[in-house]
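Shown next, in structure tokens, is the structure this report addresses.
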Amino acid sequence: MNTEQQINQLREELRKHNYNYYVLDAAVISDYEFDMKLKALQELEENHPEFYDPNSPTLRVGGEVTKNFETVVHEYRMYSLDNSYSKEDLLDWEKRIKKLVDGEVSYTCELKYDGASISLTYEEGKLIRAVTRGDGIQGDNVTTNVKTINSVPLKLKGDFPPKFDIRGEIVLPYEGFAKMNQERIAAGEEPYANPRNTASGSLKLQDSSETAKRPLDCLLYNITGNRLGIASQFQSLEKARDWGFKVPAESKWVGSIDEVLDFIGYWDEHRHDLPYETDGVVIKVNDLQQQEELGFTAKAPRWAMAYKFKAEQASTILHEITYQVGRTGAITPVANLEPVALAGTTVKRASLHNADQIEKLDIRVGDTVFVEKGGEIIPKIIAVDFQKRDQASEPTVYITECPECQTELIRKDGEAQHYCPNYAGCPPQIIGRIQHYISRKAMDIEGLGGETVALLVNEGLIANYADLYELKKEQVIPLERMAEKSAENLIVGIEKSKEIPFERVLFALGIRYVGETVAKKLAKHYKFIDGIIAASEEELVNVDEIGIKIAQSVIEFFASDENKALVTRLQQYGVQLEVSAEKLANQTDTLQGQTFVVSGVFEKVSRNELKKLIEDNGGKVSSSISSKTSFIVAGANMGPSKLEKAKKLEVPIISEDEFLGKLS
Ligand code: AMP
Ligand code: ZN
């Protein structure tokens with residue numbers, strides 16, 4: 023088998039496994055095997071740019087950056103939908119239909135997926151373009167981002183028509199959404215409000231490798247085009263499925279409005295069992311001939327109708343407003359409610375977000391309130407039932423002191439949240455910071471859990487994370503539920519954390535806005551904690567991907583003598599506060615500020631070694647040529663399209679030897 027055949031075979035295999043995993047939800051090989059095949063393909067493609075394919079499975083990891091999304095006019099307009107809310111509405115709609123078309127009318131019932139609508143164009147079975155809905159007439163070209171979504175086929179299978187558009191909804195399933203939020207909270211950031219806005223925001227990220235990290239899914243429901251050889255909506259769903267698209271199986275073909283109502287009734291109750299958010303049902307005239315006769319109004323098709331589920335609401339009584347203090351000192355008011363059943367769970371508490379929200383709702387203790395559960399994980403209070411308000415009630419006065427340490431709260435200009443500034447002495451802040459320090463993605467201290475941390479703090483054994491390293495087994499054993507063995511494990515776990523690399527220690531320190539990725543960037547750039555401590559705001563902002571908000575937060579953290587003392591102590595205990603000598607031995611900043619694109623095959627080093635050399639010496643590797651590229655390192659067989667682009671942008675091309683010369 024020659025290289026081209028090998029590449030094609032791997033692409034075909036990966037496509038199939040990708041389909042099994044992301045569309046059918048039924049993997050036949052392990053993640054590891056998949057990764058190995060992907061790696062093999064990546065390597066072959068890198069060494070043979072002449073076999074470049076814009077729809078190769080390797081492109082799913084993203085990397086291309088879009089500054090401005092190009093506006094594209096939809097070949098077929100993307101309409102909105104009319105809404106209905108009752109059986110009467112639906113019967114009226116059927117009457118109107120029957121006046122306009124002949125013969126029996128049957129319907130396809132589908133779920134109304136709540137995400138961001140998208141139109142995909144395929145030609146000869148290949149994804150050509152992905153465009154957002156925009157105003158329905160024109161939208162944004164978000165192809166590079168959409169290509170990273172695993173359930174969007176880049177190449178189709180079966181007997182697809184030569185050219186068509188297919189429409190669907192890009193959603194962020196609950197599970198992935200919850201995971202993203204956990205990570206944000208771990209970085210001390212505000213969680214995203216709901217899956218829908220996060221999904222549509224994800225399509226407009228400039229760096230497609232960021233989109234690739236988001237667990238998005240694409241659900242399809244409509245095929246548009248000429249001479250497609252399809253007779254009905256239900257058949258079109260089946261065909262799309264055959265071609266490799268993800269088309270949810272819940273859709274149903276029914277003969278009457280009564281059956282439509284059965285479908286609505288069933289899903290109104292069971293929709294919470296689905297992995298993604300839905301906000302209603304869409305009913306479509308099944309026969310495409312009849313659809314054509316019915317046509318469109320100025321706004322929506324006459325052959326389709328949405329039926330919106332009522333967002334599930336309940337009314338209950340507000341007993342008390344309590345205030346939680348997070349690890350960064352942020353105060354969150356919480357409504358404590360008379361327990362009430364809502365969307366399959368019992369709701370006892372709801373977030374009130376901040377003081378503005380309380381004022382806006384004019385919510386008072388004793389009020390009867392309406393709670394709603396949308397995509398948010400925590401239910402929210404949408405309104406007060408003013409008719410039931412006790413005339414003697416008093417407006418809520420927001421607390422002015424921390425409920426945990428009685429320090430006067432502050433509120434920075436332009437921020438909605440109040441903060442407790444007692445950084446060093448406020449118990450939930452102290453406990454929260456240590457809990458963050460020991461968490462899995464930070465120092466990952468085995469044998470020590472969040473509750474034990476609280477216990478250790480409350481017993482006065484520790485007051486910060488540096489104190490952990492002074493703990494003795496004998497001090498821990500007397501604690502509640504602490505056997506000798508577990509005390510030993512705890513001490514061993516703490517000891518072992520001294521091996522955790524610098525970048526994770528930096529994350530563990532709990533500097534606001536310094537999440538895992540930012541910590542990595544800073545560690546790589548500065549290599550020693552001292553460099554970060556000494557850096558000015560201006561210097562920090564010059565580090566790739568560090569914005570002003572992060573820079574200020576880093577400065578603020580190290581401006582505190584207490585924090586500096588903590589870091590010094592960690593250093594003394596042997597915690598890694600610099601990039602390890604081994605890693606460092608091979609690093610310089612000779613290539614600082616330079617961006618390289620690597621293309622072709624090399625003689626003295628492999629492509630991967632070359633890339634590592636660039637990064638270890640402070641340079642940046644990029645996959646595509648742009649005006650920002652400093653040099654292209656070209657080996658044998660550099661791809662012709664790259665060559666052309668390099669010439670056009672006047673980017674200097676250097677050889678392997680010339681590159682290595684820079685480092686010697
Ligand atoms: P609306 O935004 O309320 O006008 O509803 C119209 C939108 O519903 C369309 O733009 C689609 O993005 C979305 N939608 C979700 N699921 C479906 C579906 N099964 N069929 C048609 N449209 C749908
Ligand atoms: Zn406090």
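Using my numbering, you'd call the opening residue of the sequence shown number 23 and step up by one each time. Note that the Cβ used here is the ideal one computed from N, Cα and C, for glycine as well. Please read all numbers here as calculations on a predicted model, not as lab measurements.
- Restricting attention to beta strand (DSSP E) runs no shorter than 3 residues, the segment 570 to 640 encloses them at 617 to 621, ordered along the chain.
- Secondary structure of A377 (DSSP, three-state): helix.
- Of the residues K642, V168, L250, L227, the one whose Cα lies closest to the Cα of K546 is K642.
- The three-state secondary structure of L32, taken from DSSP, is helix.
- Screening all residues for a C-beta within a distance smaller than 5 Å of any heavy atom in the ligand AMP leaves S102, L103, E132, K134, Y135, S139, E191, Y243, V304, in chain order.
- Distances from the CB of N90 to the heavy atoms of the ligand ZN are all 7 Å or more.
- Straight across, the Cα-Cα distance linking S222 with G482 is about 47 Å.
- Taking 7 Å as the cut-off, one finds no heavy atom of the ligand ZN near enough to the beta carbon of T344.
- By the neighbour-count criterion, in which a residue is buried when 16 or more other Cβ atoms sit within 10 angstroms of its Cβ, R218 is buried.
- Here N163 has F91, E92, T93, V94, R151, A152, V153 as same chain residues with Cβ atoms under 8 Å from its own Cβ, once five neighbours each way along the sequence are excluded.
- Taking C-beta separations shorter than 6 Å and ignoring five residues to either side along the sequence, the partners of G198 in its chain run P237, following chain order.
- According to the DSSP assignment, H440 belongs to no beta strand (DSSP E), since it is labelled neither H nor E.
- Around the beta-carbon of S141, 16 or more other beta-carbon atoms lie within 10 Å, marking it buried.
- Q409 is the residue among L296, N376, Q409 whose C-alpha sits nearest the C-alpha of F392.
- Pairwise C-beta distances place the segment 410 to 419 out of contact with the segment 309 to 318, as fewer than three of them are shorter than 8 Å.
- Here the C-alpha atom of V406 lies approximately 39 Å from the C-alpha atom of T233.
- A Cβ-Cβ contact shorter than 8 Å links E86 with S646.
- For V269, same chain residues with a beta-carbon under 6 Å away, outside a window of 5 residues either side, are L242, L259, A262, R263 in chain order.
- Under the DSSP assignment, G515 falls in the alpha helix (DSSP H) whose first and last residues are 506 to 518.
- Looking only at I551, E506, E517, E502, the smallest Cα-Cα distance to E525 is reached by I551.
- Between S231 and V174, the alpha-carbon positions lie close to 16 Å from each other.
- Only residues of its own chain outside the window of five on either side were considered, and among them L133, T300, F331 have a CB closer than 8 Å to the CB of R293, listed in chain order.
- Not a single heavy atom of the ligand ZN lies less than 7 Å from the C-beta of T422.
- Under the three-state reduction of DSSP, M202 is assigned to helix.
- About 52 Å separates the beta carbons of L310 and L340, which is beyond the 8 Å limit, so they are not a contact pair.
- Residue state for S108 is assigned as coil, using DSSP reduced to three classes.
- Relative to the ligand ZN, the beta carbon of N105 is positioned no closer than 7 Å to any heavy atom.
- Residue state for W275 is assigned as strand, using DSSP reduced to three classes.
- Excluding the 5 residues flanking it on each side, N444 has same chain C-beta neighbours closer than 6 Å at C427, T429, in chain order.
- Leaving aside the five residues that flank G472 on each side, the residues in its chain whose CB is nearer than 6 Å to its CB run, in chain order, Q457.
- Of the residues M327, G125, D284, E68, the one whose Cα lies closest to the Cα of D104 is M327.
- Counting the other CB atoms within 10 Å of its CB gives S108 a total below 16, which places it among the exposed residues.
- Ranked by Cα distance from F267, the first of E281, K148, F285, D280 is K148.
- The beta-carbon separation of I484 and L490, rounded to 6 Å, stays under the 8 Å limit for a contact.
- Within the DSSP secondary-structure output, S141 pairs in a beta bridge with V153, R189.
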